[in-house]
Structures are given as C-alpha cells and as structure tokens.
Amino acid sequence: MPVNCCDIIRAIPPLSSASRRFGCGTVHEVFEYAVKRHASRPALGERDVEETTKTTTSDGREVEKLRLGGYKWMTFREASERVSAIASGLVDLAGLKPQDKVIIYADTKRDWQLTAQACFRMNLTVVTIYATLGEDGVKHGINQTKASVVVCDGKLLKTLTNVAGDCPSLKHVVTMGEPEQASLDKLPKSVFQIGLDEVATLGARKPMAARPPKSTDIAVLMYTSGTTGAPKGVMLNHSNVCATMTGLKDAGDFTNKDVYLAYLPLAHIMEMAAETVMLALGAAIGYGSPQTLTDTGLKLAPGTRGDAPTLKPTFMVFAPAVLDRVRQAVQAKFSAAKPALKKLINAGLVAGRKDFENGKIGAPFLYNAIIFKKVQKLIGGRVRIMISGSAPLSRETQIFMQTCFRCPVRQGYGLTETGSCGTIASFDDYSPTVGQVLTSVSISLRDWEEGGYRVADEKDPSIGMPRGEVLIGGPVVCQGYFTAPHMPDPELEAKNASEFSVIDGVRYFHTGDVGQFTADGQLMIIDRKKDLVKLQQGEYVALSKVENVLKQSPYVAMAMAYADSKHSYCIAVVVVNEAPLKKLASSKGITGDVDTLCANSTIIKEISSACKSACKTGKLVGFETPTTYILTAEPWTPDNDLVTAAFKLKRQNIVKAFKTEIDRAYA
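Numbering-wise, UniProt numbering puts 24 at position 24 of the sequence shown, and it's gapless, one number per residue.
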C-alpha cells in the first residue's frame, strides 16, 4: 500500500495493551508487581571489591586494579525494603514533594537502580546524567532542573564539587561508596553531604507511605547531547517507560529463569528498560562494568574472573562498539592458533556465514563442539540472546558473533525521544535493514523534498520503495524536551514545536533520519536530515558544533566534521588558510606549493595538533574531537558545488569529493 506522511505503517495498539502488559501503568507498579510475585527470588547481584591496587602503565598512566569476589544477591523482598528505606530517607532529608527532581550521577550499579525505584515510589522525577558528561553538562543539568539533591558516585564527586559553587539550588549530595576526603573538603558549606547507607538508615527509622505516581507523571528526565553543546533533557513519563519495556519484552522470549548482565549506562533508556523488563519477569540482574566484563578486563587484578564468566548470564545488551571489541579479541586469539587449528577455525567461520545466510544460528555442531564452545565461555557460556542497540551494527560483526556464540544477535533502532523503541531485526535477517516495527510503535514516512526523498518513490521503477523522513509514533514517544522559564532556550522551544506532531491522534517524533520500507515491511535507514550523528559507542557528535570550534584555529578557513556510526571517532576535512600555512612551512624549512604542503606529513601533524588544541579550548570532549585531519588548499565555493549559495556545507558532495581520504582514515 502506498505510504504518505499520514499513513501508518503499522497500527498502534491501544495504550492500555502497550503499557499494561504486566497489569502496570507506572514503573513503581512494575516493581511492586515483581516484589509481590517473586519476593524470595534473587533480584539484584553485585560483586564485592576484595582488594584495590594501583599500577603504572608503560606510558605513565596510573591504573586501578580490582580483585573482585563472587556475586552476592539481594532478593526482591530485600530490594523492596531498601527501596522503601531510601525513599523515606530522601523525602525526610530534603523535604521533597511529588514531581521534585533528583539527579543520579553515577556509573551503573545496584544502588543506582534502587535509588531510581525509591524516587518512583515517592513520585519523584529521576534526572539522569551520564558519568562521562563532564563539568559543564553536570552544571547545566543541576541549574536547569533546579535540583536540590544529587545522588553521586563517590568516584565522580570531584567533578560535582568543581561546579557545586555555581549551582545555587544544590543543597544535598548523597554519595554512593566511599568519596575522597579531598573532594568532600571542597564542597560549599551550603551543601550537606551524606552517604546513601545513612539515608537508608534514616528512612528505616522514619518509614513513610508510598506516594504512587500517575502514568502521566514524568518518571525520567534523560539528558542527551544537544546541537549547541548544552545537553537536552528528554522527558519520559511512566507510560512511556512502560511502553518501552513492552517493546523490549517483545524482542525476546524472556522468562524468570533468565540472568541479565547489567553494565551499560543506566542513564540510557535502553538499559533502564532492559532492567525494568527483567525485574517485572522476576529474572536476576547481576551488575558489572565494561572494564571488568571479561577475564581480560582492564581493571581486573591478575587471576580475577570477569563479570560475565562469573555470572554466566543468559541475556546481554551490547553497544556495537563493545561487540566489535569482543570480535577483535576473539579474532586475535584465532590468529595466534597453530596452522592446523587455524584452518579448522576458518572453515568453521565460513560454515557459520553460510548458515547465517540460510537463516540458521551458529556454526554446524562439529565446529561448535571443537572450536566455538571455548569462545562462548568468555561470556559465561549460557548467553541465548544478544541485543545490539544505540548505533548501527555492522553485518560482519553480526555474522561473526552469531557464529561464535551460537545465539541470535538482534539489532534495534530507536532514539532516546522514542524510549529507544522503533524497530528490531530478526536474528536470521542478513539484509541491510534495521528490521520490523515493534508492537508498541507506529512508523510513518514523510516527504523530504530538499533531500529528494518522497513517498511516491515507490512508483518509480528505479527505486520501487517509499522513502522519506522516519517519524516514530505511539506511547513510547516522550513528552518533549525539558525547558525552564529561568533558563529560556529558544532552540529547545523550537524543537518542541517542530520535532513532535500529532497525526490521526497519534503522537510522533520526527527523527531526522531518512528511511525506506522494503516490500516485506523492513525499515532501512539511508540518510540523515540533521547533522547529529551517533557514534558506535552511543555518544552523539554535533558536526556543526565541532566545525565551529575548529574554525577558531588560525589554520582553518573552512571545515567539515564527519562521523561514521560504525566507528567510535570522528574526523575532519579542513580547508587550510594559505597565509598561516606558508608561514608554518617556512618555519619548518618546508617548500612547495599549497597542495604539496597540505600533503606533507610534518605539516599535517602540526595543523592536526593545532586543531586538537582548538577543540580543547572549545571544551569539546574526547569523542567530539576529530582524530584525523584531511587537509586541502582548494576553497569550497558554490562554483565547485561543495557549498550552497548561502555557503552552507553540501556534506554529501564533500564526502564524495574526499571519499578516498575518508575511507583511508577509517581503514
């Protein structure tokens, strides 16, 4: 059927069926449901740190090494008791009222989840800030929300104390773990610090009844990257989170016998939804970290087992960057094998690829028994389903992982604004699509005339598929971006007006991605309208922001930042200012015309260093700073079709012009 901007690709289920799969309309109800049904079952597990040592690497960096014990479990009943205690303690401590905001600024751990559940119990809005966001992001989050309470990882307290004096609303800092005394000493006298265990003790002495939220109350305000540098707060109400949970539940046949390894940021909706699903089902959640995930984890002391082989999970969620690292580690082991075994390994990989393309999972039995069983033990040997999200997963990595680990690897597509929900691919789908629409979602395509993508392209014999901007709709769509009267933000107000719409009674988010639907209903992402690109590890890079910073360098006349979602870094193409270029060359004793100078390795190194310094001065964080710089002397003009008449970058034309150099930079 032809698709236009108002045609729904898949009918949306009623809100009641989407958000009440477990008879629940709020995250608080989901947790209460789980406690009632699974009180004595293990709920949340964590490993004790038995010893901490510090070593120095060859390049002089100090690295912390941990000796970890086995998993110690908290039952659902015990988790509920701690949640109630923390909830009562927080309200008593800070006098928090319904829908007041509590910031959680910490790495993923058991107390993160328990604190969030405590907030939901008292109808407090959880504000999530990535542990990697940096001082400016933390300050912005506190000041925009006027939060009086920040629950902070002890190891991140230094960052918080550096900005606390610029955050007048901040009155209470609740620390998880042991904070450094030096950081505590820097807290302003107006800010009261207390440990989370002390808060729980206070709450246990003064228990308070729950203040159950409504499904329309804001559950989470998740900060994500903004195009102007300041993070955007995405508002998700309880109904949104429950609908997201339902979408993820439909992605796999999960039961209370599953064991989930939680190590991705809980500040991301995908991880929060995954853990909420596991709790609702009565499954066990064991906490870990990317640095201690496997036996070769960077932070593990010699002889300490990784989180995965210790926990032996059955279900894991991965960012593509992590899957790529796992693949590289396994390939390194394969490369070190003796010739006869290496020949057998290669034959097994070829057989696995053939089975993948025939819709089967894993290599044939013999290869699996001889080779791949050992590989599977790297993550415990029991994983039966993997889900990859937050960025595109390469087909090669998917084939390799399914072959080696003999389980489906399903790729999902979604955004924070849609609760991470959109589509998910079948495990036997080896086409370059992101799969079929989830049950809690509707998708429409809308003409993008400027880019030349139209729904009517379905009638074009050379295309044969409807194309346009992807609009994701349904109960997963957030309530918009958080704005505050005391910090007016015209950009966010404009986005709230332009990026959300209601079509035939369904609320949609305009993703800025351009897609097309195949004949069998699979969605394929083929382009982007906006210049915000998600890197492989899930971080966003605003290309125009990077370009504006680069242009502060005297060497840079024009710049185009470029990011490939299948990689973890960005690069830049730079039109060099001729006068500073020649001056630099003269100082180095280098001669030649400007084209020759732009190809000179010493010049490239010097200008790259200057650009990186500009990025540092412009307060770009690591993933925003280009790693490679492609230099050119030819200006970009409307005549060579690399910019518009208004001198706006024609990105696709520039990418095409420098394709060889860009491919080399990502090789």
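For each residue, glycine too, the CB sits at the ideal point set by N, CA and C.
Every value quoted in this text rests on a predicted model; they were computed, and no experiment measured them.
With distance defined between alpha-carbon atoms, name the residue in Phe254, Ile424, Arg395, Val576 nearest to Arg353. Arg395
Give the DSSP-derived three-state secondary structure of Ile371 in the structure shown. helix
What separation, rounded to the nearest whole angstrom, lies between the Cα atoms of Lys566 and Glu78? 42 angstroms
In or out: Ser609 buried (at least 16 other Cβ within 10 Å) or exposed? exposed
For Met235, the three-state DSSP class (helix, strand or coil): strand
Going by beta carbon distance, what residues of the same chain come within less than 7 angstroms of Ile12, once the five residues before and after it are set aside? Below a pLDDT of 50, predicted positions are generally treated as unreliable, and Ile12, at 36, falls in that range; the measurement from the model is reported next regardless. Ser442, Gly473, Gly474, Val506, listed in sequence order.
Return the residue from the list Ala274, Pro626, Val102 that minimises the CA-CA distance to Leu170. Val102
Buried/exposed call for Tyr666, threshold 16 Cβ in 10 Å: exposed
Within a Cβ cutoff of 8 angstroms, which residues of the same chain sit near Ile630, ignoring the five residues on either side of it in sequence? Ile571, Ala572, Val573, Val574, Phe658, Glu661, Ile662, Ala665
Shortest alpha-carbon distance to Gly521 belongs to which of Val434, Asp564, Leu415? Val434
Helix, strand or coil, according to DSSP, for Gln593 in the structure here? In the sequence under discussion, the amino acid at residue 593 is Asp, which differs from the Gln named in the question. Looking at Asp593 - three-state DSSP - the assignment turns out to be coil, as it is neither helix nor strand.
Please report the Cβ distance between Phe202 and Asp92, rounded to the nearest whole angstrom; I am assuming they are in contact, meaning their Cβ atoms lie under 8 angstroms. Per the sequence shown, the amino acid found at residue 202 is Leu instead of Phe. The Cβ separation is near 6 angstroms, so the contact holds.
On the CB-based measure, 16 or more other CB atoms within 10 Å of its CB, does Gln181 come out buried or exposed? exposed
Can you find the residues in the same chain that come closer than 7 angstroms, C-beta to C-beta, to Ala200, ignoring five residues on each side of it along the sequence? Arg82, Ala85, Ile86, Gly89
If I follow the unbroken beta strand (DSSP E) through Glu500, where does it start and stop? It is worth fixing the name first, because residue 500 is Phe in this sequence and not Glu. Residues 500 to 503.
If you count every other CB in all the chains shown that lies within 10 Å of the CB of His38, and 16 or more means buried, which is it? buried
So, is Thr175 buried or exposed, given that buried needs 16 or more other C-beta atoms within 10 angstroms? buried
If you count every other CB in all the chains shown that lies within 10 Å of the CB of Ala94, and 16 or more means buried, which is it? buried
Go ahead and label Thr637 buried or exposed: buried means 16 or more other beta carbons lie within 10 angstroms of its beta carbon, across all protein chains shown. exposed
Measuring CA to CA, which of Phe254, Leu550, Ile385 is closest to Gln402? Ile385
Rounded to the nearest angstrom, how far is the Cβ of Lys288 from that of Arg41, given a contact under 8 angstroms? The question names Lys, but residue 288 in the sequence shown is Gly. Actually they do not touch by this definition, with Cβ atoms about 20 angstroms apart.
Euclidean distance between Cα positions of Thr115 and Phe365: 45 angstroms
Give me whichever residues DSSP pairs with Pro42 in a beta bridge. Thr75
Tell me which same chain residues have a C-beta within less than 7 angstroms of the C-beta of Asp217, skipping the five on either side of it? Gln99, Asn123, Asn237, His238
Hey, would you say Ala576 sits closer than 8 angstroms to Cys598, going by beta carbons? Residue 576 is actually Val in this sequence, not Ala. A contact, by the Cβ cut-off of 8 angstroms.
Of the residues Met74, Lys139, Ser80, the one placed nearest Val163, counting alpha carbons only: Lys139
Let me know the secondary structure DSSP gives Asp520 once reduced to three states. coil
Return the chain-ordered list of same chain residues with a C-beta closer than 8 angstroms to the C-beta of Tyr555, the five sequence neighbours on each side being excluded. Val574, Val576, Asn577, Pro580, Leu581, Leu584, Ile607, Ala610, Cys611
Buried or exposed: where does Asn240 fall if 16 or more other Cβ atoms within 10 Å of its Cβ makes it buried? buried
Distance, Lys373 Cα to Gly226 Cα: With a pLDDT of only 48 at Gly226, under 50, the local geometry of the prediction cannot be trusted, and no value is derived from it.
Through-space distance from Phe334 to Thr228, alpha-carbon basis: The predicted position of Thr228 is uncertain, since its pLDDT is 42 and thus under 50; a value taken from the coordinates is nonetheless stated next. Answer to the nearest angstrom: the Cα atoms are 45 angstroms apart.
By a C-beta neighbour count over all protein chains shown, 10 Å radius and 16 as the cutoff for buried, is Lys648 buried or exposed? exposed
Outcome for Val350 when other beta-carbon atoms lying within 10 angstroms are tallied against a minimum of 16: exposed
Just to confirm my understanding: we take Ile588, look at its own chain, exclude 5 residues before and 5 after, and list those with CB closer than 8 angstroms. What are they? Note on residue identity: the sequence assigns Lys, not Ile, to residue 588. Answer for Lys588: Thr602, Ile603, Glu606, listed in chain order.
Would you call Ala497 buried or exposed, if buried means 16 or more other Cβ atoms sit within 10 Å of its Cβ? exposed
Can you list, in chain order, the stretches of the beta strand (DSSP E) that have 3 or more residues and sit fully within the stretch 97 to 161? 101 to 105, 125 to 128, 149 to 153
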